[in-house]
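Number of protein chains: 2
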Amino acid sequence: MLDSQPDAAADALIRGAGLRVTATRVAVLDALRARPHATADDVFDRIVGSLPGTSKQSVYNALGDFADAGLARRIEPAGHAGTFELRVGDNHHHVVCTRCGRIDDVDCVVGSAPCLHVPEGSGYLIETAEVTFWGVCSDCRAESEAEKPRGSR
Amino acid sequence: MLDSQPDAAADALIRGAGLRVTATRVAVLDALRARPHATADDVFDRIVGSLPGTSKQSVYNALGDFADAGLARRIEPAGHAGTFELRVGDNHHHVVCTRCGRIDDVDCVVGSAPCLHVPEGSGYLIETAEVTFWGVCSDCRAESEAEKPRGSR
DNA sequence: TGTCATTTTTGATTCACTCAAAACTAGCTA
DNA sequence: TAGCTAGTTTTGAGTGAATCAAAAATGACA
Numbered sequence: 335m336l337d338s339q340p341d342a343a344a345d346a347l348i349r350g351a352g353l354r355v356t357a358t359r360v361a362v363l364d365a366l367r368a369r370p371h372a373t374a375d376d377v378f379d380r381i382v383g384s385l386p387g388t389s390k391q392s393v394y395n396a397l398g399d400f401a402d403a404g405l406a407r408r409i410e411p412a413g414h415a416g417t418f419e420l421r422v423g424d425n426h427h428h429v430v431c432t433r434c435g436r437i438d439d440v441d442c443v444v445g446s447a448p449c450l451h452v453p454e455g456s457g458y459l460i461e462t463a464e465v466t467f468w469g470v471c472s473d474c475r476a477e478s479e480a481e482k483p484r485g486s487r
Numbered sequence: 335m336l337d338s339q340p341d342a343a344a345d346a347l348i349r350g351a352g353l354r355v356t357a358t359r360v361a362v363l364d365a366l367r368a369r370p371h372a373t374a375d376d377v378f379d380r381i382v383g384s385l386p387g388t389s390k391q392s393v394y395n396a397l398g399d400f401a402d403a404g405l406a407r408r409i410e411p412a413g414h415a416g417t418f419e420l421r422v423g424d425n426h427h428h429v430v431c432t433r434c435g436r437i438d439d440v441d442c443v444v445g446s447a448p449c450l451h452v453p454e455g456s457g458y459l460i461e462t463a464e465v466t467f468w469g470v471c472s473d474c475r476a477e478s479e480a481e482k483p484r485g486s487r
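Chains as they are written, first to last, in the numbering used here: chain A, 335 to 487; chain B, 335 to 487.
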């Protein structure tokens, strides 16, 4: 945990993406590893402690650069801030909790490309398909159970 | 087309949803019929002409009320402003043009609930599934063809 | 070690939207 | 048909998320 051990893995990842290795970027990458679905704010909050003086703008920059470089993916569930994840390159989708906003991954159920073929004649040349599930996570379910413990409904 | 003909259909729809019938709401409903995927701004722009003095806030109110009443649905493709449509109650999805932002409906391909079952053990109680396709619409394709007419690949 | 393009910082600005109080009005009731 | 009142609209301020741009700092190469 000494800062003389500069996290070779992060280093290689960033450099491999064609980006310069900077303290901000390494920290942002770490934050994304610690929290696989994080907003710019989440990342910033996690970083300021260890890297005082970092600006939110830098976090936006780093996240944007990662996304451009294909190192991270940006998703944006309706009503939520843009959220970043490091898991890229595979076809997976997301579940969003309608109560607490928590996001989790959902592996693609039906092979690599599920029922996601657009009917012919749409005129569109489809590039990607995105599936978002909305529901209530187990924590929030447990919580609402606890609130009405009467055998009610 | 006389304004003494107050659009009985819109009237009934709004009233039927338990909302008071007002000029703003009728106009907003009309705008949504004319443009099946419209943002608050789109609606406002279309309305101000015939209903000067209308505020954008009123449009937000009307659209929000429609959505709450189940008269309209709000969708929000990543990077786009909230968009409203009157087509509700059926399971359909959307294609968004990555060039011009145009949105079109996509009928649900595989019956009423496609491959949209989340793997067991996710812990989530799923309420809805949302599919968004991203691609290039025919207009934008035609346009980019026109730009590089050389048989250039 | 110096150089220079890439990054970060700082600060202003935008956009989509929400909040809240005051003014207005649809539609029920007497 | 006038009056009442809850539901709407208006006005204006305020928010969060994100972008833009210019100046200062720094990584990585020669």
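Built from N, CA and C at the ideal position, the CB exists for glycine as well. If you're wondering where the values come from, they're calculated on a predicted model, not measured in any experiment.
For residue i, the residue or residues it bridges with in DSSP
{"i": "T462 of chain B", "result": "A:W468"}
{"i": "D399 of chain A", "result": "Bridge partners of D399 of chain A: none, in fact."}
{"i": "I348 of chain A", "result": "BP columns for I348 of chain A are empty, so no partner."}
{"i": "R408 of chain B", "result": "B:F418"}
Beta carbon proximity, residue i to chain B, threshold 7 Å
{"i": "E410 of chain A", "result": "yes"}
{"i": "G457 of chain A", "result": "yes"}
{"i": "V429 of chain A", "result": "yes"}
{"i": "S472 of chain A", "result": "yes"}
Amino acids of chain A, ordered along the chain, whose beta-carbon sits closer than 7 Å to that of residue i
{"i": "G469 of chain B", "result": "Y458, L459, I460 and E461"}
{"i": "T466 of chain B", "result": "E464"}
{"i": "R475 of chain B", "result": "L459"}
DSSP state of residue i mapped onto helix, strand, coil
{"i": "C431 of chain B", "result": "strand"}
{"i": "T373 of chain A", "result": "strand"}
{"i": "R488 of chain B", "result": "As displayed, chain B neither begins before 335 nor continues past 487, which places residue 488 of chain B out of reach and without an answer."}
{"i": "E477 of chain B", "result": "helix"}
{"i": "D424 of chain B", "result": "coil"}
{"i": "D439 of chain B", "result": "strand"}
{"i": "R367 of chain B", "result": "helix"}
{"i": "R354 of chain A", "result": "coil"}
{"i": "S456 of chain B", "result": "coil"}
{"i": "S392 of chain B", "result": "helix"}
{"i": "D379 of chain B", "result": "helix"}
Short CB-CB distance (under 7 Å) between residue i and chain A
{"i": "S478 of chain B", "result": "no"}
{"i": "P370 of chain B", "result": "no"}
{"i": "S446 of chain B", "result": "Residue placement at S446 of chain B is flagged as unreliable, the pLDDT there being 45, under the threshold of 50; a coordinate-derived value is accordingly withheld."}
Amino acids of chain A, ordered along the chain, whose beta-carbon sits closer than 8 Å to that of residue i
{"i": "G413 of chain B", "result": "E410"}
Contact belief for residue i with residue j at Cβ below 8 Å, rounded distance in angstroms
{"i": "A403 of chain B", "j": "F418 of chain B", "result": "No, A403 of chain B and F418 of chain B are not in contact; Cβ-Cβ is about 12 Å, not under 8 Å."}
{"i": "L405 of chain B", "j": "V377 of chain B", "result": "Their Cβ separation, rounded to whole angstroms, is 14 Å, which puts L405 of chain B and V377 of chain B out of contact at 8 Å."}
{"i": "V430 of chain B", "j": "V393 of chain B", "result": "Contact doesn't hold; Cβ gap of about 22 Å is too wide."}
{"i": "D399 of chain B", "j": "L353 of chain B", "result": "6 Å"}
Chain-ordered chain B contacts of residue i [CB-CB under 8 Å]
{"i": "T432 of chain A", "result": "E461"}
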